[in-house]
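> Numbering (the numbering used here), first residue to last: 3 to 337.
Right, I'll just put the structure down here and ask away after.
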């Protein structure tokens, strides 16, 4: 299959205006949905109880139950979107039901009694016991969210510094802008799909950032090599050539990761499903941004802040003309 993508000569950069328009429309739609959810549900994002607080129950059954039956029973008891997870052996499970603030002991006791009564009616008396019941506060989730935001910001700064030293500052800025695009697109996807935001989703978001940055850096590394080899070609031409040269590697990587993630989405169950959705979307948006965001941004920076006269890649200054008037571009491989 990869032979199809060897020796390709696609002009990836030419439709960048259409690509940017589509992604802006998608992000705007996502933020509109955030407003709709805020008005309808009182919360823009569908947060798990790790962030909102709630009740935690640990159950031990005499025989391994069907987790789907537990989830359906808890939902029917009036606690939708509760988290059901296997804990230890196949007979032990934890049930996390949200909706109560930390310290609301009476409400927590009522929640636990309602869930226990519903499970008893479903599975029968004596088929399980409640090992423990406790309050889950949102403080840990808030701290982890804050740490995740700090980690994202630090990764962007470190990426810019790394690319500035290894390549030059133009590459660093382009990569960071592409990563910000991925963050905004993923947030819009979360809003449109109304996926539950849990710690696993935060982990998926950080993974998407790393995946996208890796894809962008690989293309930029090839751009740097091609700029050294082709001192007379414009940056527009070199970008297209570099993307075509890395296409076989990109296709192989993306198909492999997508296949593994699709397996998680189909067979891993409800708990891991939001993680799988974010990862699948991240593969798409990461590939999109590394081609249609990072590349055009690099061209725009080259036009706005051209290299000094006499630079070894002086011809890349022609990218300004290519970016403004793509119809006058030099076709890839035409020289």
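Idealized CB from N, CA, C, for every residue including glycine.
The structure presented is a predicted model; accordingly, all values stated were derived computationally and were not measured.
#1: Are residue 180 and residue 295 touching if we call contact CB-CB under 7 Å?
#2: Who are residue 232's beta bridge partners in DSSP?
#3: Restricting to Cα atoms, I'd like to know which of 221, 214, 70, 260 is closest to residue 243.
#4: Relative to the C-alpha of residue 214, which candidate in 192, 281, 197, 265 has its C-alpha closest?
#5: Which residue or residues does DSSP assign as beta-bridge partners of residue 145?
#6: Return the first residue and the last residue of the alpha helix (DSSP H) that residue 197 is part of.
#7: Alpha carbon to alpha carbon, what distance is there between residue 269 and residue 88?
#8: Going by the DSSP bridge assignment, what does residue 99 pair with across the sheet?
#9: Under a three-way DSSP split, which group does residue 216 fall into?
#10: Find out if the Cβ-Cβ distance for the pair residue 98, residue 51 is shorter than 7 Å.
#11: What are the boundary residues of the beta strand (DSSP E) that residue 86 is part of?
#12: Taking all protein chains shown into account, decide if residue 261 is buried (16 or more other Cβ within 10 angstroms of its Cβ) or exposed.
#13: Can you grab the Cα-Cα spacing for the pair residue 11 / residue 287, in whole Å?
#14: My output table needs one value for residue 63: the three-state DSSP class, helix, strand or coil.
#15: What three-state label does DSSP hand residue 68 in the structure shown?
#16: How should residue 82 be labelled, buried or exposed, when 16 other C-beta atoms within 10 angstroms of its C-beta is the threshold for buried?
#17: Hey, could you find the ends of the alpha helix (DSSP H) residue 28 is sitting in?
#18: Check whether the Cβ atoms of residue 240 and residue 228 sit closer than 7 Å, and answer yes or no.
#19: Tell me whether residue 172 is buried or exposed, calling it buried when 16 or more other Cβ atoms sit within 10 Å of its Cβ.
#20: Around the Cβ of residue 115, are there at least 16 other Cβ atoms within 10 angstroms (buried) or fewer (exposed)?
#21: For residue 153 and residue 204, I'd like the C-alpha separation in whole angstroms.
#22: Do you know how far the Cα of residue 84 is from the Cα of residue 135?
#23: Starting from the Cα of residue 166, find the closest Cα among 190, 219, 122, 70 and give me that residue.
#24: Please work out which residues of its chain come closer than 7 Å, Cβ to Cβ, to residue 248, disregarding the five sequence neighbours upstream and downstream, and give them in chain order.
This is what the structure gives:
#1: Yes, Cβ-Cβ distance for residue 180 and residue 295 is below 7 Å.
#2: Beta-bridge pairing links residue 232 to no other residue.
#3: Out of 221, 214, 70, 260, 221 has the C-alpha closest to the C-alpha of residue 243.
#4: Nearest of 192, 281, 197, 265 to residue 214, Cα basis: 281.
#5: Bridge partners of residue 145: none, in fact.
#6: Run containing residue 197: none; DSSP gives neither H nor E here.
#7: Taking the CA atoms as reference points, residue 88 sits about 15 Å from residue 269.
#8: Looking at the DSSP output, residue 99 sits in a beta bridge with 57.
#9: Taken through DSSP and simplified to helix, strand or coil, residue 216 comes out as helix.
#10: Result yes, Cβ atoms of residue 98 and residue 51 sit closer than 7 Å.
#11: Element bounds for residue 86: 85-88.
#12: Of the other Cβ atoms in all chains shown, fewer than 16 fall within 10 Å of the Cβ of residue 261; this residue is therefore exposed.
#13: Rounded to the nearest angstrom, the two C-alpha atoms are 22 Å apart.
#14: Correct three-state label for residue 63: strand.
#15: Secondary structure of residue 68 (DSSP, three-state): coil.
#16: Residue 82 comes out exposed.
#17: Taken as a continuous stretch (DSSP letters only), the alpha helix (DSSP H) holding residue 28 covers 18-43.
#18: Their beta carbons are under 7 Å apart, which means residue 240 touches residue 228 by this criterion.
#19: Buried, since its Cβ has 16 or more Cβ neighbours within 10 Å.
#20: Residue 115 should be labelled exposed.
#21: Going by C-alpha positions, residue 153 is about 11 Å away from residue 204.
#22: Residue 135 and residue 84 have their C-alpha atoms spaced approximately 15 Å apart.
#23: The shortest Cα separation from residue 166 among 190, 219, 122, 70 belongs to 219.
#24: So the qualifying residues of the chain are 220, 221, 224.
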